[in-house]
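For reference, the structure is listed below as structure tokens.
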Amino acid sequence: MQIARAMWSESFAHASYSCGKGKRLNQHCGRCVPCIIRRAAFVKAKIPDKTGYHVDDLSSEAHNDDVFAARITVAQLASRNISRWVCEAGPLLSNSHERTQYVDVVRRGVEELKTFLGGFRWQ
Ligand SMILES: [Zn+2]
Numbered sequence: 011m012q013i014a015r016a017m018w019s020e021s022f023a024h025a026s027y028s029c030g031k032g033k034r035l036n037q038h039c040g041r042c043v044p045c046i047i048r049r050a051a052f053v054k055a056k057i058p059d060k061t062g063y064h065v066d067d068l069s070s071e072a073h074n075d076d077v078f079a080a081r082i083t084v085a086q087l088a089s090r091n092i093s094r095w096v097c098e099a100g101p102l103l104s105n106s107h108e109r110t111q112y113v114d115v116v117r118r119g120v121e122e123l124k125t126f127l128g129g130f131r132w133q
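All residue numbers for the sequence shown refer to the numbering used here, where the first residue is 11 and numbers rise by one.
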């Protein structure tokens, strides 16, 4: 089953759509927050990303609002209490076990961003 799932992911994951700003481009922009998260997920899953991005190399996009926000988020990961940080976004689940799992999803997601964004030489 895991092999079948991995094969499906490699074959079809790139065909999904997640861009928040690509309608005018008729393709993924590659630099909006949903695209950055998508790209980081491909890297984490070790699935070749066959998506055609309008902007593939983010190195020269350091001052793009979304790219900058993602980089700031990653930079804050080491110095902030992630549970408090997540709570600042709004009320969380009252069940402490579920809340812990939710915070862990956020932490792992930011770590995925860190790995992905760490692959660029920022200009
Ligand atoms: Zn996008």
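We put the beta carbon where it would ideally sit given N, CA and C, even for glycine.
Between ligand 1 and the CB of residue 32, the shortest heavy atom gap is smaller than 8 Å. Residue burial is scored here from C-beta neighbours: residue 40 has at least 16 other C-beta atoms within 10 angstroms and is therefore classed as buried.
Residue 25 sits away from residue 122, with the two beta carbons spaced by 9 Å or more.
Contact annotation: residue 69 and residue 133 have beta-carbon atoms nearer than 9 Å.
Counting along the chain, residue 122 sits inside the alpha helix (DSSP H) bounded by residues 106-127. Using a 10 angstroms sphere on the CB of residue 71, the tally of other CB atoms reaches 16 or more, which defines it as buried.
In this structure, the beta-carbon distance from residue 43 to residue 84 does not fall below 9 Å. Leaving aside the five residues that flank residue 29 on each side, the residues in its chain whose CB is nearer than 7 Å to its CB run, in chain order, 38, 39, 42, 44, 45. In terms of Cβ geometry, residue 61 and residue 48 form a close pair [threshold 9 Å]. Not one heavy atom of ligand 1 is found less than 8 Å from the C-beta of residue 101. Judged by DSSP secondary structure, residue 131 falls outside any alpha helix (DSSP H); it is assigned neither H nor E.
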